[in-house]
Amino acid sequence: FMLTRYPLPSKDGYHTFLGPVFTALPELARYRWLITGWEGPTLPENAGPGRCLMDGDTLAALVTGEDPQWIWGCLLAFLPETPVEAILAHSIPNLETPAFWTAAELHHPLAVLELIAEDSSYSWLLTRSPLPEGHLPWL
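Following the working numbering, the residues of the sequence shown are numbered contiguously, the last one being 139.
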């Protein structure tokens, strides 16, 4: 497969607000999310140190309601039927390693897409296959 990267829009000059992504792609609410390496919103470390598992509806409500800025973070989306044990059985992405930023594939073999917030400067949507043209209104 080919990894497709989409830059995300800015809000007041900052690029790490995820509300517009969930508004443009409401189907993101159906996924189960593993969030690692985040700075920004207060989240529970309910899957181990530096790890948060969250259902898509909860994450969508957070990012479209409160719309906090994510300074850093890797948000991995999994099909809802993916067992938590299978998700946590693989290594968890570490944003502090150079290999994270040069990876040519998603950072978890079971993830279907990922959102990355990079130092308040950039946000990326990474997918295993291209989205239909016009799917992201800011492109």
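For each residue, glycine too, the CB sits at the ideal point set by N, CA and C.
Check: Start and end residues, alpha helix (DSSP H) containing phenylalanine 17; Outcome: Premise fails: phenylalanine 17 is in no alpha helix (DSSP H) and is neither H nor E.
Check: Length of the line joining the Cα atoms of proline 98 and glycine 37; Outcome: 14 Å
Check: Alanine 86 versus glutamate 66 - alpha carbon distance; Outcome: 31 Å
Check: Which listed residue (Leu18, Arg32 and Trp72) has its alpha carbon closest to that of leucine 79; Outcome: Arg32
Check: Glycine 48 burial status per 10 Å Cβ neighbour count (16 or more: buried); Outcome: exposed
Check: Alanine 117, DSSP secondary structure in three states; Outcome: strand
Check: Contact with chain B by threonine 82, beta-carbon distance below 9 Å; Outcome: Given the protein chain composition of this structure (a single chain), no chain B is represented.
Check: Pairwise C-alpha distance: arginine 30 and aspartate 55; Outcome: 8 Å
Check: Contact under 9 Å by Cβ, leucine 106 with leucine 125; Outcome: no
Check: DSSP three-state assignment for serine 129, whether helix, strand or coil; Outcome: coil
Check: Burial state of alanine 117, where buried means 16 or more other Cβ atoms lie within 10 Å; Outcome: buried
Check: Reduced DSSP secondary structure (H/G/I, E/B, other) of isoleucine 71; Outcome: coil
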